[in-house]
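Residue numbers (this note's numbering): 3 to 90.
Glycine included, every Cβ here is placed at the ideal spot set by N, Cα and C.
Nothing here was measured: the structure is a model prediction, and the numbers come from that model.
As structure tokens, then:
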């Protein structure tokens with residue numbers, strides 16, 4: 003699986019992918035993502051630990067082969083996540 007640019011992703015998603023989102027190719031080939039996949043993680047193993055990079059969001063299309071999967075870009079929300087965690 004590889005991360006692709008939002009510009010490349012927006013070609014297929016008709017400009018609906020926002021800067022707070024990111025796209026990958028090669029997820030669940032050949033069927034693509036669908037309802038049961040929503041909320042699933044995109045994690046990378048780096049520096050001896052797993053880092054959450056994204057959460058899969060409902061696509062504008064479901065189970066379309068070779069279609070980019072769209073994820074929430076977690077890095078955009080790190081400050082908010084930290085604030086919420088401090089409330090506990």
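According to DSSP, residues forming a beta bridge with residue i
i	result
residue 53	46
residue 73	24, 58
residue 83	Answer is none; residue 83 lacks a bridge partner.
residue 5	26
Residue j beta carbon less than 8 Å from that of residue i
i	j	result
residue 76	residue 89	no
residue 60	residue 40	yes
residue 19	residue 12	yes
Assumed close pair residue i, residue j - CB separation to whole angstroms, cut-off 8 Å
i	j	result
residue 37	residue 64	7 Å
residue 14	residue 52	In fact, because the Cβ distance is near 28 Å, the residues do not count as touching under 8 Å.
residue 105	residue 43	Examination of residue 105 is not possible in this model, given that the chain is present from 3 through 90 alone.
Where the beta strand (DSSP E) containing residue i begins and where it ends
i	result
residue 24	23–27
Continuous alpha helix (DSSP H) stretch holding residue i: start and end
i	result
residue 13	8–15
Stretch-stretch touch, CB-based, cutoff 8 Å, three pairs: the segment 68–87 with the segment 6–25: yes
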